[in-house]
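Numbering (the numbering used here), first residue to last: 11 to 176. Glycine included, each C-beta is placed from N, C-alpha and C at the ideal position. What follows is a set of notes on a single structure, which appears directly below.
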């Protein structure tokens, strides 16, 4: 299995555990990735962390990208909505800034599905000490009921979200 696939699974597990405040350090060399094939481009499994924590993952890979989603419970994986978009280029053939681009992709998808006003959505990230915290979605200046995740690397930007409550 490719190094990038293992890394994507471990990074996803860290994001899930960090959001739940159950982990503060990223020690990937001690984490075990257990995957089984679930389709042509899909693998499912878990990342096991010493001490008993597990994060359930789905890994999607093609010749162009690797993308992983994760959840504390296996049933939650099938509720996650995600997308991968190629980072667009400007008129000079240069890639645009991927951070605002992936935020726009996420907000457009949320607006389409839940009939939200795109202009009232905002992704915010705070700092705790010197560490940047996970992104939070605000709608009409209030914390929205979605757990969101954003990433970008090279030519691709990816997002994932799950509705937490109504």
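Between the CA atoms of residue j and residue i - distance to the nearest angstrom
i, j, result
"residue 24", "residue 14", "15 Å"
"residue 16", "residue 126", "36 Å"
"residue 82", "residue 48", "19 Å"
"residue 87", "residue 97", "25 Å"
"residue 154", "residue 30", "17 Å"
"residue 53", "residue 44", "10 Å"
"residue 134", "residue 62", "32 Å"
"residue 85", "residue 102", "45 Å"
"residue 72", "residue 93", "14 Å"
"residue 51", "residue 12", "13 Å"
"residue 157", "residue 60", "25 Å"
"residue 56", "residue 37", "16 Å"
"residue 27", "residue 80", "10 Å"
"residue 35", "residue 141", "12 Å"
"residue 174", "residue 89", "10 Å"
Sequence-distant residues of the same chain with beta carbon closer than 7 Å to residue i, five excluded per side
i, result
"residue 137", "143"
"residue 75", "94, 166"
Cβ shell of residue i (< 6 Å), same chain only, five flanking positions each side left out
i, result
"residue 42", "58"
"residue 100", "106"
"residue 78", "18, 19, 22, 67, 69"
"residue 40", "60"
Close Cβ partners of residue i (< 8 Å) along its chain, the five nearest in sequence each way excluded
i, result
"residue 91", "119, 123, 170, 171, 172"
"residue 115", "93, 95, 167, 169"
DSSP bridge partner residues for residue i (one or two, in chain order)
i, result
"residue 53", "47, 69"
Cβ neighbour criterion (16 or more within 10 Å) applied to residue i
i, result
"residue 64", "buried"
"residue 139", "exposed"
Are the stretch 123 to 130 and the stretch 160 to 169 in contact at 8 Å, needing three or more beta carbon pairs?
-> no
Given 8 Å, three or more beta-carbon pairs between the stretch 140 to 159 and the stretch 51 to 71 = no
On the three-pair Cβ rule with 8 Å, is the stretch 153 to 162 touching the stretch 111 to 123?
-> yes
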